[in-house]
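Numbering (our numbering), first residue to last: 485 to 561.
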């Protein structure tokens, strides 16, 4: 991966992390409850909300469905 691609991935990951945390917080849901009701393991939800590690798209889709949101992926040059 080129340096520019890595920086873009980090930026996108941070944005996703902020959105996931904000949605959960605004609905006043605990991480434990979200994990129990979605089947997403705690460590994956934690990593997603903190922008750590890779992006687990299966978990992102499960969370989006649970939160009543849609996932839109945009690839740009």
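We put the beta carbon where it would ideally sit given N, CA and C, even for glycine.
Query                                                                                                                                      : Result
Tell me which same chain residues have a C-beta within less than 7 Å of the C-beta of residue 531, skipping the five on either side of it? : 537
Since residue 540 is in the alpha helix (DSSP H), which residue starts that stretch and which ends it?                                     : No alpha helix (DSSP H) contains residue 540, which DSSP labels as neither H nor E.
Specify the secondary structure class of residue 512 as computed by DSSP and reduced to three states.                                      : coil
Look at the Cβ atom of residue 547, then the Cβ atom of residue 513, and state whether they are nearer than 8 Å.                           : no
Where do the ends of the alpha helix (DSSP H) carrying residue 528 lie?                                                                    : 526 to 534
Is residue 549 helix, strand or coil by DSSP?                                                                                              : helix
Please classify residue 518: does DSSP put it in a helix, a strand, or coil?                                                               : helix
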